[in-house]
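S.K.: Take a look at this one; I'll ask things after.
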Amino acid sequence: MSHTRYKIYNEGQPHFLTATTVEWIPLFTKPDITSLVLDSLRFLQKDRQVVLYAYVIFVCLLEKLHNAKEEHKTKSMYQVWQEGSHPQEIYGEKMLIQKIENIHNNPVRRGYVDEARYWRYSSARNYEGMEELLEVRTDWRNEA
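Shown next, in the form of structure tokens:
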């Protein structure tokens with residue numbers, strides 16, 4: 004399998020990025036694994052100075068194709084994320100609003116919740132002033 008890496012060249016601009024688990028394995032049904040992703044995002048915020056504008060963590064599993072057998076392999080033999088994630092640079096406020104709304108409404112479109120703010124693993128809660136799991140920059144509209 005060829006691994007393609009995409010680089011963010013304009014680090015001063017927000018970028019839209021999606022990631023999908025290999026074979027749509029439903030990892031995020033397990034709170035411990037979801038917490039690991041949240042902790043990873045917190046690390047990026049604190050130690051790598053990454054600003055998070057919006058996020059949603061969920062799984063869209065329509066069908067489990069096979070039962071994975073427990074195998075003893077080294078950690079380097081496992082891949083979690085599918086290849087092919089392409090960071091998309093955000094150009095202007097209109098595009099930023101579109102991407103944030105798209106991110107927040109994913110669980111609604113999938114029928115998991117009636118309103119985006121009810122999805123626990125979403126920054127829609129931050130924008131509604133509700134209890135949050137991650138710090139998210141919501142004051143971007145107030146910039147000059």
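The sequence shown begins at 4 in the numbering used here and counts up by one. All C-beta atoms, glycine included, are put in the ideal place defined by N, C-alpha and C. From a predicted model like this one, the values you see are computed outputs, not experimental measurements.
1. Helix, strand or coil for Leu137 per DSSP?
2. What does the alpha-carbon distance come out to for the pair Arg123 and Pro17?
3. Please report the straight-line C-alpha distance between Ala71 and Val40, rounded to a whole angstrom.
4. Taking 8 angstroms as the limit between beta carbons, can you name the residues of its chain near Gln48, skipping five residues before and five after?
5. Pro90 and Leu20: beta carbons closer than 7 angstroms?
6. Is the beta carbon of Val59 closer than 7 angstroms to that of Ile106?
7. Return the Cβ separation of Ile103 and Ala57 in integer angstroms, given the expectation that the two are a contact with Cβ distance under 8 angstroms.
8. For Arg1, report the span of its alpha helix (DSSP H) as first-last.
9. Could you tell me the distance, in whole angstroms, from the CA atom of Lys97 to the CA atom of Glu131?
10. I need the DSSP call for Ser125, collapsed to helix, strand or coil.
11. Distance check for Asp142 and Leu68, CA to CA, integer angstroms please.
12. Tell me which residue opens and which closes the alpha helix (DSSP H) that Asp42 is part of.
M.R.: In short, the structure shows the following:
1. DSSP, reduced to helix, strand and coil, places Leu137 outside both helices and strands of the structure shown, so it counts as coil.
2. Distance between the alpha carbons of Arg123 and Pro17 is about 23 angstroms.
3. Because the pLDDT at Ala71 is just 42, under 50, the model does not fix this residue reliably, and the value given afterwards should be weighed accordingly. Distance between the alpha carbons of Ala71 and Val40: 22 angstroms.
4. Val54, Leu55, Leu137 and Glu138, listed in sequence order.
5. Their beta carbons are under 7 angstroms apart, which means Pro90 touches Leu20 by this criterion.
6. A distance below 7 angstroms separates the beta carbons of Ile106 and Val59.
7. Sure, about 4 angstroms apart at Cβ, within 8 angstroms.
8. Residue 1 lies beyond the stretch modelled for the chain, which goes from 4 to 147, so this question has no answer here.
9. If you draw a straight line from the Cα of Lys97 to the Cα of Glu131, it comes to about 20 angstroms.
10. Ser125: strand per DSSP, three-state reduction.
11. A caution first: Leu68 carries a pLDDT of 33, below 50, which makes its placement in the model unreliable, though a value can still be read off. A straight-line Cα-Cα distance of about 43 angstroms links Leu68 and Asp142.
12. Its alpha helix (DSSP H) spans residues Pro34 to Asp50.
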